[in-house]
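Protein chains in written order, with UniProt numbering: chain A, 1 to 276; chain B, 1 to 226. One structure is given below, encoded as C-alpha cells.
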Amino acid sequence: MGAEIGPSNIEAAFLLEALKKGTRVDGRGIYDYRTLKISCGPTYGLAEVQLGQTRVLARVSCEVTRPFPDRPTEGIVLFNTELSSMAGFGLDSSRSSTQEVAISRMVERVIKQSRAIDAEALCILAGEKVWTVRIDVHFLDHGGNLIDAASIAAIAALRHFRRPDVTVDGEEAIIHDVRERNPVPLSIHHTPICVTFGFFGSAGDMLVLDPTLLEEQVQVSSFTITLNSHREICALNKAGGIPLSPDQIQRCTQVALAKVDEVNEKIQLALKASTA
Amino acid sequence: MSRPDRREASQLRALNCSLGQLNRADGSAQFSAGNTSVVSGIYGPVEAKVYEEKLDRAVVEVKFRPDIGAPTTKDKWMESAIRNTFEREILAHLHPRTLVQIVVQLREGDGSVDSAAINATSLALVDAGIPLKCMVTAATCAVLSDDTTVVDPTQEEIDAARSTHTFAFASGSPTGPLYVDSRGEFTMDEYNHCYDLCALATERVLAFMRTAIEGKVTKEAKISAA
C-alpha cells in the first residue's frame, strides 16, 4: 500500500506516440517550462514556488551558534528537505525513499557545495559565534520535477531572507533587534538553478524539459544541469538510466542556459514584488 | 490599552483562505490569520494498513509538520490535539477499515497556530468531501500582564502574556467546546471571559469559512453547468 502506481500501458504508449510527433500530453513544446509562479514573503525568507502542479515551500531561518572547530571563521549552512506525505499519499518521510534522498542530496549539493552562500560573511566572532543559516524545503504537492522547483524555492528564499544586524566591539557582539536596526541580506555569491530534462525512447533520442510526474514515470533517463546567472555550470547529475551521447548533453546545456536566465528574471520580479 | 498592530481587543487578524490548491491531495486548504499561515492536506478514505485498520470505522491519522526543523515533541502533541478534536466529528463509521490521513504543514507561525491548524483542517476536510457531523472552528485568547484579554494574539503578545487559551467549537451545537488548551496562570473568571470571547470569535471564523466554501461550490457548479 502507498506505493506509487505507475501509469497504465495505454497512457505510457500515448505519451510516447505524442512525443514522436513532437507534442507533449499537456500541450507544451518540448523545451517549455510549465507556468512558474514564485511568491516571497510576507516574512523574510519565505518563498513558495508553483511549477505547474508542483508546489514547494522554502523557509530560511538563522540562529547564533558555535562554529565547527576546524572551520572557526565560517558560518554553518544547514539544509533540510523532507518529502512529506502531503506531497503524495505514501511518500512517507519516516522511511526515506531513494527518490527522496536523491532529491535532497541534489538540492543540498547545488546550494552548499557550489558555495552559493558566503560562509565567512556569517562569522560574528571567530571561533566563538557564527550564524547558522537553516533552509527548510517543504514539498506540498508532487506534480513532477521536484528538483527544479526546490532549487528555485531555496534560492528565492535565500535572496529574500534578512538576518538581524550585528555590531562587534572587541570581544562583545551586539545582535540588533529587527525593529531597532534594519536587518541585512545574506551575502550570496551566485544563484545556481537546476534545469531537469527527461529522456524517452529506447535510445533516449527524445527529450523534454521539466518533466511532469507522468513523464517522470515513463522516462528512461533524466539529466539535471545546474547553472548560475554567470553562465557557469555548478553541478551535473545523471543518476543511472540509459546512456546518453555527449551531443545530447551539449544540446541540454544550450537549452538550460536560456531557461536559467528566464528563471532568474522571475525570481528578481518576485523579490521586487514582495518589497513593493 | 493598545495592541502592537492597533487591533481592538476582540478583533481577529485579517483572515484568508483558499481551498483545493493541492492537486495530489484529496482535499486541501490554506488558512491564514495575519502572518500565521497553515496548509492542511487530506488523503482519504484510503486503504489502511492491516495492523492499524479498525473493523467498524475509519482511522484518523494526523501529521503536523513545523515550518522550521524536524518535528519535535511539541509537534507530536499538536498532532494528538488535532486528531482528538476531529476523530469524533468525522463520521468514521461510514468508511470502515479505511484511513483518513490529515497532513498539516505550518507555513509560518506568528501566534495562535493551534487554532489556525484546526480551522485549516476543518476546511480541508470539507474540501475532501469527508462526511462530518459539523464544522469545527477554533480561536485563541491571551490574558496579558495588565489583565486585559485579547483575541487572536500574535507571537509577540503570547510571549508577554500571563496565560493563553484556545477553544474549538462544533458549529451549531451549544454543548460546549470540543477542544480546550489553557496555559499559564489564570483565575476562573478570566477563563470564563476567554471562553466567551473565543465562542464569539469562532462564530465569525465560521461565517468566514462558510463564505469561502460557498464561493468555491458556486464556482464549481457554474463550471459543471457550462
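C-beta: ideal position from N, C-alpha, C; glycine also.
Locate the beta strand (DSSP E) running through residue i, then write down its first and last residues.
i	result
B/P45	36-47
B/S32	27-33
A/L57	54-65
B/V104	98-108
B/S18	15-19
A/T167	166-169
A/E172	172-175
Using a Cβ cut-off of 8 Å, pull out every chain C residue sitting near residue i, in sequence order please.
i	result
A/L46	This model lacks chain C altogether, as its protein chains are A and B.
Out of curiosity, what's the CA-to-CA distance linking residue i and residue j?
i	j	result
A/R134	A/G88	25 Å
B/E8	B/T149	10 Å
B/E225	B/T218	In the sequence on display, residue 225 of chain B carries Ala and not Glu. Approximately 10 Å between the Cα atoms of the pair.
B/S112	A/V263	36 Å
B/L94	A/I242	48 Å
A/G2	B/V60	With a pLDDT of only 43 at A/G2, under the threshold of 50, the placement of this residue in the model should not be trusted; the figure read from the coordinates follows. The alpha-carbon atoms of A/G2 and B/V60 are separated by roughly 16 Å.
A/D247	A/T224	15 Å
A/A116	A/R159	11 Å
B/P71	B/A212	30 Å
A/L227	A/V260	7 Å
B/G109	A/I5	35 Å
A/F200	A/K37	27 Å
A/Y140	B/S18	Contrary to the premise, residue 140 of chain A reads as Leu rather than Tyr in this sequence. Roughly 14 Å between the two C-alpha positions.
B/E79	A/D70	40 Å
residue 228 of chain B	B/T98	Look at the range of chain B in this structure, 1 to 226, and you will see that residue 228 of chain B is not part of it.
A/L19	A/S187	43 Å
A/I10	A/L16	10 Å
A/V49	A/N182	27 Å
B/G27	A/C123	45 Å
B/I223	B/R210	20 Å
A/Q99	A/G198	15 Å
So which of the options has the shortest CA-CA distance to residue i?
i	options	result
A/G41	B/S37, B/Y43, B/E89	B/S37
B/S145	B/T73, B/E156, B/A138, B/M135	B/E156
B/P96	B/R57, B/R24, B/M188, B/S182	B/R57
B/I118	B/P131, B/G41, B/E53	B/G41
A/S85	B/V143, B/L206, B/V104	B/V104
A/T35	A/R28, A/R24, A/L51, A/S114	A/L51
B/L91	B/G129, B/E214, B/T211	B/G129
B/D67	A/S229, A/F200, A/A58, A/T191	A/A58
A/V220	A/P192, A/R231, A/G240	A/G240
A/V195	A/A13, A/P72, A/E180, A/D32	A/D32
A/S229	A/R71, A/K266, A/S222	A/K266
A/R162	A/N9, A/A153, A/P185	A/P185
A/D205	A/S222, A/I193, A/T98	A/S222
B/T164	B/R183, B/L178, B/A199	B/R183
A/A150	A/P164, A/S245, A/I193, A/I175	A/I193
A/L275	A/Y44, A/V130, A/I249, A/I30	Just to set this straight, residue 275 of chain A is Thr in the shown sequence, not Leu. Among A/Y44, A/V130, A/I249, A/I30, the Cα nearest to that of A/T275 is on A/Y44.
B/S115	B/E52, B/A81, B/A207, B/T187	B/A81
residue 227 of chain B	B/R3, B/L200, B/W77	Because chain B spans 1 through 226 in this model, residue 227 of chain B falls outside it and cannot be assessed.
A/T65	A/W131, A/S202, A/R179, A/A153	A/W131
A/A153	A/V56, A/C252, A/S8, A/K21	A/V56
A/E120	A/Q268, A/Q99, A/P67, A/S245	A/P67
B/L15	B/Q30, B/N23, B/Q21	B/Q30
A/V166	A/K129, A/P72, A/R105	A/K129
Throw me the rounded Cβ distance for the residue i and residue j pair, which I believe falls under 8 Å.
i	j	result
A/T54	A/H142	7 Å
residue 283 of chain A	A/A47	One cannot answer for residue 283 of chain A here, as it falls past the ends of chain A, which runs 1 to 276.
B/A32	B/V151	Correcting the residue identity first, residue 32 of chain B is Ser in this sequence and not Ala. Not really, about 16 Å apart at Cβ, beyond 8 Å.
B/R13	B/G34	3 Å
A/S118	A/H189	According to the sequence shown, residue 118 of chain A is Asp rather than Ser. Indeed they touch by this definition, with Cβ atoms about 6 Å apart.
B/T154	B/D5	7 Å
Which residues bound the alpha helix (DSSP H) around residue i?
i	result
B/G215	188-225
B/I158	155-160
A/I51	According to the sequence displayed, residue 51 of chain A carries Leu and not Ile. Unbroken run through A/L51 is the beta strand (DSSP E), 46-51; no alpha helix (DSSP H).
A/R159	146-160
B/L125	113-128
B/D75	73-87
A/E82	Per DSSP, A/E82 belongs to no alpha helix (DSSP H); it is in the beta strand (DSSP E), 76-82.
B/A138	Run containing B/A138: none in the alpha helix (DSSP H); it sits in the beta strand (DSSP E), 136-144.
Is it the case that the CB of residue i approaches a heavy atom of the ligand FAD more closely than 7 Å?
i	result
A/K266	Among the ligands in the structure shown, none appear at all, so the ligand FAD cannot be discussed.
* Per the contact definition of three or more C-beta pairs closer than 8 Å, is the stretch 120-130 of chain B in contact with the stretch 191-203 of chain B? -> Two segments are said to touch when three or more pairs of C-beta atoms, one from each, lie closer than 8 Å; by this definition the stretch 191-203 of chain B does not touch the stretch 120-130 of chain B.
* How do the stretch 161-175 of chain B and the stretch 128-146 of chain B stand: do at least 3 beta-carbon pairs fall below 8 Å, yes or no? -> Proximity of the stretch 161-175 of chain B to the stretch 128-146 of chain B meets the contact definition, three or more beta-carbon pairs being nearer than 8 Å.
* Asked: On the three-pair Cβ rule with 8 Å, is the stretch 108-117 of chain A touching the stretch 231-251 of chain A?
  -> Contact holds: three or more Cβ-Cβ distances are below 8 Å.
* To do: Count the C-beta pairs between the stretch 68-87 of chain B and the stretch 44-53 of chain B that are closer than 8 Å, then say yes if the count reaches three, no if not.
  => Touching, no, given that fewer than three Cβ pairs across the two stretches are closer than 8 Å.
* Asked: Taking contact to mean at least 3 C-beta pairs separated by less than 8 Å, is the stretch 247-261 of chain A in contact with the stretch 208-226 of chain A?
  -> As far as the Cβ criterion goes, the stretch 247-261 of chain A touches the stretch 208-226 of chain A, which means the pair count is three or higher.
* **Stretch-stretch touch, CB-based, cutoff 8 Å, three pairs: the stretch 170-178 of chain A with the stretch 66-79 of chain A** => Output reads no: the stretch 66-79 of chain A does not touch the stretch 170-178 of chain A.
* Asked: With contact counted as at least three CB pairs below 8 Å, one residue from each stretch, are the stretch 213-232 of chain A and the stretch 14-26 of chain A in contact?
  -> Result yes; three or more Cβ-Cβ pairs closer than 8 Å.
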